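The structure under discussion appears below in the form of structure tokens.
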């Protein structure tokens, strides 16, 4: 991954196929770039796994988008008790950790 850009790669599933492709210099079976429209979700998918949370400014640094782009969803998650946030940190609550998939799904389409 790069600033403001995320590349996803899929490798060969079968060890034999992977080893053959790796020897040939191409262990990647498929590669695609995450669209700008999906960057907010992609960022939240990864950072909500961090129980210690993340600084709000990191969102902009990594996605190139304003945190305001996901503000509505942040408010909804906070109202449900799934997320804690202040000016220094955004992190899942205990409830948010237990229902992490639900919390992450809220950001799908952001």
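Residue numbers (my numbering): 32 to 141. Glycine included, every Cβ here is placed at the ideal spot set by N, Cα and C. Since the structure is predicted, the reported quantities are computational estimates derived from the model, not experimental observations.
| Check | Outcome |
| --- | --- |
| Best match in 105, 116 and 70 for proximity to residue 95 [C-alpha to C-alpha] | 70 |
| Opening and closing residue of the beta strand (DSSP E) in which residue 60 lies | 59 to 64 |
| 3-residue-minimum beta strand (DSSP E) runs that sit fully inside the segment 55 to 122, ordered along the chain | 59 to 64 and 114 to 116 |
| 8 Å contact criterion, which residue 74 and residue 121 should meet: CB distance rounded | Their Cβ separation, rounded to whole angstroms, is 11 Å, which puts residue 74 and residue 121 out of contact at 8 Å. |
| Bounding residues of the beta strand (DSSP E) (the contiguous stretch that carries residue 40) | 38 to 42 |
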